[in-house]
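*Asks:* Quick one: structure below, then a few questions.
Protein chains in written order, with my numbering: chain A, 1 to 444; chain B, 1001 to 1444.
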């Protein structure tokens, strides 16, 4: 059993509601939309991600006999019989992965029989929330390290295995060079990077022997970790080793710094390597890095060629969650609105139109009703699944990554820094506002 | 394929190091320990969790033919042949899950051939880090809501599916009453709780009808969500409905508040319910709750019987990661020490001894060498796996939960609040300090 595709990745109330919907014959078409209510502090935009995992989940949704047996102890036979036949046969519309987006803009719409659209809420949110969170964090890191190699090192402190895998995917989508997580390489085709751990050095009787063994084993790929005992002394050992290995055609690809003042160590190590004729040996840095540290290091001119980013990326540590929602916007062809204090939603099926300025940069979006509410601009929400089957499903992860990078190039300059930019204009269309008002009046 | 048990849940450098270890015949016994370097801000202790998942992983570790085929494109045949035979045949010592612990105290020790102990690093950290993080967060929530029903609502904003599942487990271990995540109920036997969503109300033409349908479907389990439009008006509808259903033997179990001023709404709703004769109908609250909000609500005397906690619990949002490490402490019978700036480790195989005061409360721990370094107090690290097979594996999750709760009862009072308590005394034994000094001198 693969728990990651289980339909029981849902909240218990979904099953309780489904039972009631079925008793009442409430199986008409429902429309739910997923959106983010507000930006995390300090962020200027978000990157839509996770759609492919959502579509995989929906396309393969099916209760296993093991699950049905377990459920049968808790729910009546008629409900179990329904679940046995349960498949997702609805439609999905969404922004392509890698699209920049803003609060109040739906990035995914589910149109399906009410019980279907309801059951999948928990897992859809779980997937879109996390990958969007990480892609949006990764975007900041990418912007602070132009031209540098950027590698996801975070699986060990990611929240479970799936978080490690999806963080590798979402960060690659957002412009990272690759990941250290091997299974992410296998599952998603993401380039893999690896150096060595302190334990490798410690297990050897001395550091120089450890370096030599590793270089022999990986003649053109060895990145030697030089901070286990004394960083600069280790850099000198690398120079000595490189001379010794020259005759055998073995070169040292790079060194890694993982502690102390990275900028200062990098400068000293660069000097030692250059003086030793190792101008091509790169310097890679890791150790509690985030976008602020990377900005400092980059702007101080520290001679660092690449960064490994772990915890800050994989848990999005400054903003580990998004205020997002998956809300019923229409049922049985009637628009619906939640009016709870501070949590009201925009009703109806919606489209987002994006406008660009004369400079080619993003200039403002309109959130409008899908029907009879036309606007200028590029519509961002496209059909991606029809009657439970994917359509236009041939976009690769590398193409999505290119789409993301193309999006960065169209961001106004103020939005590409770590400073908070002026709020990006997202206008709610007049017909949508009127509809919301009309629904409010029904309930007062 | 179940990705959660894949040996490729590892970092690429582990495979690169393994290759080199094998070339050099470095397969002697290695000892690695997992520990947390420091408490997250504001925390007074941690709860060890995740051991069962680690042991599951180790016991079933095996490369699938699909994985080997993929690896064969990247590594030489001799290495693939080795991986084909790869099993974990080492020993594990650990603190039982639910044990309170402190920085610098190892909670798990792996003793195995170096390549085995190395390969599993990434996943061991991934599991122990996350469950310990969540159990430690849940402990704070449990302490702020004595006698209340506490339910994990967080799967939708947990970081992926495994995080949702393990957060349900870790929070239950730490004293939560149960979870909303159905699959966690099936996998771990955790009690399940569920109410209804706003969409259920919205899909009906009016709120009262929605309430009635749900109550008919769940005659003794209906918890009605009353904040979709007007909370107090909805409470009055609940009273009317309860009267109507009385003759049919149907009662309303509870109501849920999910927005606005929860304390104020709870007081008003309690009054309405009581005036309507519904003294037994409980009030359940949710909506961006954390331990501070729960403390406020509890201490203001708000008549709330239970809480659903989502994001703050499942992502441990105030401290979404722990500064933890899995470090080589011994290889080929020689102790090892990492000396990197700010990241030095205590070498050798260790035991933790716990002492209790006359009042029965925790009074101080000693971290000592396992051999020839005896101390008073209860040794916390016990053997749990021998030669790759579990020993003493009959403890249930409910028993671990009881062990956790018993631990809370022995905490000094200052450590049971949300204030920062004086640092708990953890002494590094003199022989351990001497060993560390001796190893440092070898590298200077």
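The beta carbon of each residue, even a glycine, is placed where N, CA and C say it ideally should be. As the structure is a computational prediction, the values presented were derived from the model and not from experiment.
I'd like the span of the beta strand (DSSP E) that includes residue 401 of chain A, first residue to last.
*Replies:* Element bounds for residue 401 of chain A: not the beta strand (DSSP E) but the alpha helix (DSSP H), 397-408.
*Asks:* Does DSSP classify residue 1001 of chain B as helix, strand or coil?
*Replies:* Looking at residue 1001 of chain B - three-state DSSP - the assignment turns out to be coil, as it is neither helix nor strand.
*Asks:* Flag this pair as touching only if the region 1336-1343 of chain B and the region 1121-1128 of chain B have three or more C-beta atom pairs under 8 Å; answer yes or no.
*Replies:* Short answer: they don't touch.
*Asks:* Can the beta-carbon of residue 11 of chain A be found less than 8 Å from the beta-carbon of residue 1180 of chain B?
*Replies:* The answer is yes: Cβ separation under 8 Å.
*Asks:* Residue ranges of each alpha helix (DSSP H) run of no fewer than 4 residues wholly in the region 308-349 of chain A, ordered along the chain?
*Replies:* Counting whole runs of 4 or more residues, the region 308-349 of chain A contains the alpha helix (DSSP H) stretches 311-314.
*Asks:* What runs of the alpha helix (DSSP H), each 4 residues or longer, lie entirely inside the region 73-125 of chain A?
*Replies:* Whole alpha helix (DSSP H) segments, 4+ residues: 77-85, 114-119.
*Asks:* Quick check on this structure: which residue in A:228, A:405, A:212 has the alpha carbon closest to the alpha carbon of residue 221 of chain A?
*Replies:* Per the Cα distances, A:212.
*Asks:* Enumerated in chain order, which unbroken segments of the beta strand (DSSP E) with a length of 3 residues or greater are wholly contained in the region 1204-1240 of chain B?
*Replies:* Listed in chain order, they are 1223-1225.
*Asks:* Residue 1352 of chain B bridges to which residues according to DSSP?
*Replies:* According to DSSP, residue 1352 of chain B bridges with B:1367.
*Asks:* Applying the criterion that 16 or more other CB atoms from any shown protein chain within 10 Å of the CB defines a buried residue, is residue 1162 of chain B buried or exposed?
*Replies:* By the 10 Å Cβ count, residue 1162 of chain B comes out buried.
*Asks:* Shortest alpha-carbon distance to residue 389 of chain A belongs to which of A:17, A:197, A:56?
*Replies:* Among A:17, A:197, A:56, the Cα nearest to that of residue 389 of chain A belongs to A:56.
*Asks:* At a CB-CB cut-off below 9 Å, which residues of chain B make contact with residue 2 of chain A?
*Replies:* Within 9 Å Cβ-Cβ: 1001, 1002, 1003, 1004.
*Asks:* Quick check on this structure: which residue in B:1439, B:1433, B:1310, B:1427 has the alpha carbon closest to the alpha carbon of residue 1105 of chain B?
*Replies:* Among B:1439, B:1433, B:1310, B:1427, the Cα nearest to that of residue 1105 of chain B belongs to B:1427.
*Asks:* Would you report the Cα separation of residue 1186 of chain B and residue 1059 of chain B, rounded to the nearest angstrom?
*Replies:* Straight-line Cα distance between these residues: approximately 21 Å.
*Asks:* Assuming residue 1091 of chain B and residue 1385 of chain B are in contact, meaning their beta carbons sit under 8 Å apart, how far apart are those beta carbons, in whole angstroms?
*Replies:* Going by Cβ atoms, the distance from residue 1091 of chain B to residue 1385 of chain B rounds to 6 Å, so yes, they are a contact pair.
*Asks:* Would DSSP call residue 160 of chain A helix, strand or coil?
*Replies:* Note: residue 160 of chain A maps to helix in three-state DSSP.
*Asks:* Any beta carbon from chain B within less than 8 Å of residue 157 of chain A's own beta carbon?
*Replies:* Chain B contact via Cβ: present.
*Asks:* State yes or no: is the beta carbon of residue 1268 of chain B nearer than 8 Å to at least one beta carbon in chain A?
*Replies:* Judged by the 8 Å Cβ criterion, residue 1268 of chain B is not in contact with chain A.
*Asks:* For residue 1087 of chain B, is the classification buried or exposed, using 16 other Cβ atoms within 10 angstroms of its Cβ as the cut-off for buried?
*Replies:* Residue 1087 of chain B is exposed by the Cβ-count criterion.
*Asks:* Pick helix, strand or coil for residue 1150 of chain B, following the three-state DSSP scheme.
*Replies:* Residue 1150 of chain B falls in the strand class under three-state DSSP.
*Asks:* Name the DSSP bridge partner or partners of residue 1052 of chain B?
*Replies:* Answer by DSSP bridge pairing: none, since residue 1052 of chain B is not bridged.
*Asks:* Please confirm whether residue 118 of chain A and residue 14 of chain A have their CB atoms less than 8 Å apart.
*Replies:* For residue 118 of chain A and residue 14 of chain A, yes; Cβs fall inside 8 Å.
*Asks:* Given that residue 336 of chain A touches chain B, what residues does it touch there, using C-beta distances under 9 Å?
*Replies:* Chain B residues near residue 336 of chain A: 1199, 1202, 1203.
*Asks:* Fully enclosed by the region 1243-1282 of chain B, which beta strand (DSSP E) runs are 3 residues long or longer?
*Replies:* 1254-1257, all fully within the region 1243-1282 of chain B.
*Asks:* For the region 1056-1070 of chain B, enumerate the residues whose C-beta is nearer than 8 Å to any C-beta of chain A, in chain order.
*Replies:* Listed by position, the residues of the region 1056-1070 of chain B near chain A (Cβ gap below 8 Å) are 1067, 1070.
*Asks:* CB residue 1173 of chain B to CB residue 1319 of chain B, shorter than 8 Å?
*Replies:* The answer is no: Cβ separation not under 8 Å.
*Asks:* Where residue 1368 of chain B and residue 1045 of chain B are concerned, what is the direct C-alpha to C-alpha distance, given to the nearest angstrom?
*Replies:* Taking the straight line from one Cα to the other gives about 20 Å.
*Asks:* Taking 8 Å as the threshold (C-beta atoms), are residue 183 of chain A and residue 1065 of chain B in contact?
*Replies:* Contact: no.
*Asks:* Below 9 Å on C-beta distance, what does residue 194 of chain A contact in chain B?
*Replies:* Within 9 Å Cβ-Cβ: 1011, 1012, 1013, 1014, 1015, 1016, 1017.
*Asks:* Pull up the distance between the alpha-carbon of residue 255 of chain A and that of residue 281 of chain A, whole angstroms please.
*Replies:* Distance between the alpha carbons of residue 255 of chain A and residue 281 of chain A: 7 Å.
*Asks:* What residue does the alpha helix (DSSP H) around residue 1291 of chain B start on, and which one ends it?
*Replies:* Element bounds for residue 1291 of chain B: 1291-1299.
*Asks:* Quick one: give me the first and last residue of the alpha helix (DSSP H) that residue 1155 of chain B is part of.
*Replies:* That residue, residue 1155 of chain B, is in no alpha helix (DSSP H); it is neither H nor E in DSSP.
*Asks:* Would you kindly check if the distance between the Cβ of residue 1329 of chain B and the Cβ of residue 1032 of chain B is under 8 Å?
*Replies:* Their beta carbons are under 8 Å apart, which means residue 1032 of chain B touches residue 1329 of chain B by this criterion.
*Asks:* Under 8 Å, CB to CB, which of the residues in the region 1101-1129 of chain B have a partner in chain A?
*Replies:* If the cut-off is 8 Å between Cβ atoms, the region 1101-1129 of chain B has 1114, 1118, 1121, 1122, 1123, 1125, 1126, 1127, 1129 near chain A.
*Asks:* Taking any Cβ of chain A, which residues in the region 1291-1320 of chain B have a Cβ under 7 Å from it, in chain order?
*Replies:* Hits within the stretch, in order: 1311, 1315, 1317, 1320.
*Asks:* Rounded to the nearest angstrom, what separates residue 315 of chain A and residue 237 of chain A at their Cα positions?
*Replies:* Computed Cα separation, rounded: 36 Å.
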